[in-house]
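Reviewing the structure listed below.
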Amino acid sequence: MTRIEVKEFIQSGPELYQIPFDTGRITEFNSNRYNTYPFVWLETVSATTNLINSIPTDTYSIRLHILSKDWIDSSNQDYESLIDEADQIARRLVKRYNDILNNYNLVTISNISRVPFIKKHADCLTGVLLTFNLITQDTSGCD
Numbered sequence: 207m208t209r210i211e212v213k214e215f216i217q218s219g220p221e222l223y224q225i226p227f228d229t230g231r232i233t234e235f236n237s238n239r240y241n242t243y244p245f246v247w248l249e250t251v252s253a254t255t256n257l258i259n260s261i262p263t264d265t266y267s268i269r270l271h272i273l274s275k276d277w278i279d280s281s282n283q284d285y286e287s288l289i290d291e292a293d294q295i296a297r298r299l300v301k302r303y304n305d306i307l308n309n310y311n312l313v314t315i316s317n318i319s320r321v322p323f324i325k326k327h328a329d330c331l332t333g334v335l336l337t338f339n340l341i342t343q344d345t346s347g348c349d
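In short: position in the sequence shown from 1, add 206, done, that's the working numbering.
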């Protein structure tokens, strides 16, 4: 998969659930003052290449911020509710990605993690950071 294909694959999840999506550096997200929430932000994707049984594979490190608007004076009940909503979106996205990948033998997801955050970023946001590795066969050297 190319980086553009990875982005399109990741974008298919939020699109299915009609959740706004974009990608880039987290500083670019913070500088945008016109976000609609909930929002899914894909941090710029990094990749590594490994050899597994003499087959080159690319591992893309995916970091998805699932964000909801919070308030600086919100109570723990308020922000825990926002975290639960973001976690529900994260679980739906993982299911969506796994459903897609069931048709592909050469692409897998591993090391899935959902870590909550509270009152972060420029808009005072609460949500979940969904991280996982997307492992694909590197076909760049194949004819």
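Cβ atoms here follow ideal geometry from the backbone N, Cα and C, with glycine treated the same way.
Spatial neighbours of residue 430 within its chain, please: C-beta separation below 6 Å, excluding the five flanking residues on both sides. Any question about residue 430 goes unanswered here, given that the chain covers just 207 to 349.
Using a Cβ-Cβ cut-off of 8 Å (strictly less than) and excluding sequence neighbours within five positions of residue 285, which residues of its own chain qualify? So the list reads 276, 324, 325 and 332, once near-sequence residues are dropped.
Is it buried or exposed for residue 320, if we count other Cβ within 10 angstroms and need 16 for buried? By the Cβ-count criterion, residue 320 is buried, with 16 or more other Cβ atoms from all chains shown falling within 10 Å of its own Cβ.
Per DSSP, what kind of secondary structure is residue 282 in: helix, strand or coil? Reduced to three states, the DSSP call for residue 282 is helix.
What is the rounded straight-line gap between the Cα of residue 221 and the Cα of residue 298? Their backbone Cα atoms lie some 12 Å apart in a straight line.
Quick one: is the Cβ of residue 286 within less than 7 Å of any heavy atom of the ligand FAD? Of the ligands one can find in the structure shown there are none, so the ligand FAD has no counterpart to examine.
Rounded straight-line distance, which links the Cα of residue 247 to that of residue 225: C-alpha separation (whole angstroms): 10 Å.
How would you label residue 312, buried or exposed, when you count the other beta carbons within 10 angstroms and need 16 or more for buried? It is exposed - the Cβ of residue 312 has fewer than 16 other Cβ atoms within 10 Å.
What do you reckon, are the CB atoms on residue 281 and residue 243 nearer than 8 Å? No, the Cβ-Cβ distance between residue 281 and residue 243 is not below 8 Å.
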